[in-house]
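Residue numbers (my numbering): 38 to 334.
Using N, Cα and C, we set each Cβ at its ideal position, and we do this for glycine too.
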């Protein structure tokens, strides 16, 4: 699930609350252009799409509910430091996402994690309801959008609160996908419309549809880290890394390469034309005339 690079910048359409680089109580006036320039630079360094936004550490205002915004924020990357650096353990090093205009069917984007932002119910005992947001975290899993987290009436520091849960969910789902793909029995191909893990769209379905070819090269670029990783599509729909490891889940390949918790469908881009795996997955969805689900709210 990705949005095109020509999508309207989320900062132009979403109401926002002022954020700070650290989750303190103090906020100040922030000039727009310098922060957005820094954000664009950070997105480039991390190899993230240009229409994405950095939620933490924030360089621009934090997204809050707005009637013109999209359905939800797709989590693209989240990195919460662990105990390898005791002095920074628990620090949110990176939390990024992009707006999704509509809610896609869950079985077409298994493993995608989204954040639905809504206005909290009016609370007569709380004066700052306009500066707060209800956050619902949903995971596309087993053909459903399943709630995996819910936080009511958070202030502009909500990204720091929900980031650890996002990292944990993405890690668990990626690990479970790889284990299931390699060790669990699967239903015969005729029993399911798609041949990916759990009957969801997988790379193997892109191969079957001719949208990708065995042997094609995909890259994951991280200019800020001086790294460019490559992988090739195998006939069975797995990603083959240069060290010989193979992965059914594109996110699993990212994790193996040190990408922490990142959406591999948006990260891996075809060398020949720059199209992300997620864009090709969306093309398959359109090719088969698959519907968009109605909004949950």
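Item, Value
"Helix, strand or coil: which one does DSSP assign to residue 348?", "The shown model of the chain, from 38 to 334, leaves out residue 348, and the question about it has no answer."
"Any chance you could list the beta strand (DSSP E) runs of at least 3 consecutive residues sitting entirely within the region 269-322, in chain order?", "276-278"
"Examine the Cβ distances between the region 77-85 and the region 139-150 and report whether three or more of them are shorter than 8 Å.", "no"
"Could you tell me which residues DSSP puts in a beta bridge with residue 120?", "DSSP lists no partner for residue 120."
"If you follow the beta strand (DSSP E) that residue 96 is part of, which residue opens it and which one closes it?", "Here residue 96 belongs to no beta strand (DSSP E), and DSSP marks it neither H nor E."
"Bridge partners of residue 214, per DSSP?", "None; residue 214 has no bridge partner."
"With respect to 7 Å, is the separation between the Cβ of residue 281 and the closest non-hydrogen atom of the ligand FMN below this value?", "The ligand FMN is not part of the structure shown, which contains no ligands of any sort."
"Is the beta carbon of residue 92 sitting closer than 8 Å to the one on residue 134?", "yes"
"Please report the straight-line C-alpha distance between residue 316 and residue 115, rounded to a whole angstrom.", "21 Å"
"Tell me the residue span of the alpha helix (DSSP H) that contains residue 244.", "240-245"
"With a 10 Å radius around its C-beta and 16 neighbouring C-beta atoms as the bar for buried, classify residue 154 as buried or exposed.", "buried"
"Using alpha carbons as the reference points, say which of 321, 101 and 296 lies closest to residue 193.", "101"
"From which residue to which residue does the beta strand (DSSP E) around residue 183 run?", "181-191"
"Consult DSSP for residue 260 and reduce its assignment to one of helix, strand or coil.", "helix"
"Within 10 angstroms of its Cβ, does residue 318 collect 16 or more other Cβ (buried), or is it exposed?", "buried"
"Take residue 118 and list the residues in its own chain whose beta-carbon comes closer than 7 Å to its own, dropping the five residues that flank it on each side.", "125, 126, 127, 128 and 130"
"Which residue wins for smallest C-alpha separation from residue 325, given the options 294, 85 and 238?", "238"
"Starting from residue 154, trace the beta strand (DSSP E) both ways and give me its first and last residue.", "150-155"
"For residue 287 and residue 302, I'd like the C-alpha separation in whole angstroms.", "6 Å"
"Within a Cβ cutoff of 6 Å, which residues of the same chain sit near residue 196, ignoring the five residues on either side of it in sequence?", "92, 93 and 132"
"What would DSSP say about residue 159, mapped onto helix, strand or coil?", "coil"
"List the whole-angstrom C-beta distance separating residue 203 from residue 174, where the pair is believed to meet the contact cut-off of C-beta under 8 Å.", "7 Å"
"Excluding sequence positions up to five away, which residues of its chain have a Cβ less than 8 Å from the Cβ of residue 206?", "150, 174, 176, 185 and 186"
"Could you check the C-alpha separation between residue 308 and residue 269 for me, to the nearest Å?", "10 Å"
"DSSP three-state call for residue 171: helix, strand or coil?", "strand"
"Taking all protein chains shown into account, do 16 or more other C-beta atoms lie within 10 angstroms of the C-beta of residue 265, making it buried, or fewer, making it exposed?", "exposed"
"Which of the three DSSP states, helix, strand or coil, is assigned to residue 254?", "strand"
"Pull up the distance between the alpha-carbon of residue 58 and that of residue 199, whole angstroms please.", "With a pLDDT of 44 at residue 58, under the threshold of 50, the predicted position of this residue should be treated as unreliable, and no value is reported."
"Classify residue 86: buried if its beta carbon has 16 or more other beta carbons within 10 angstroms, exposed otherwise.", "buried"
"Within 10 angstroms of its Cβ, does residue 262 collect 16 or more other Cβ (buried), or is it exposed?", "exposed"
"Find out if the Cβ-Cβ distance for the pair residue 170, residue 157 is shorter than 8 Å.", "yes"
"Taking only three categories from DSSP, how would you classify residue 106?", "coil"
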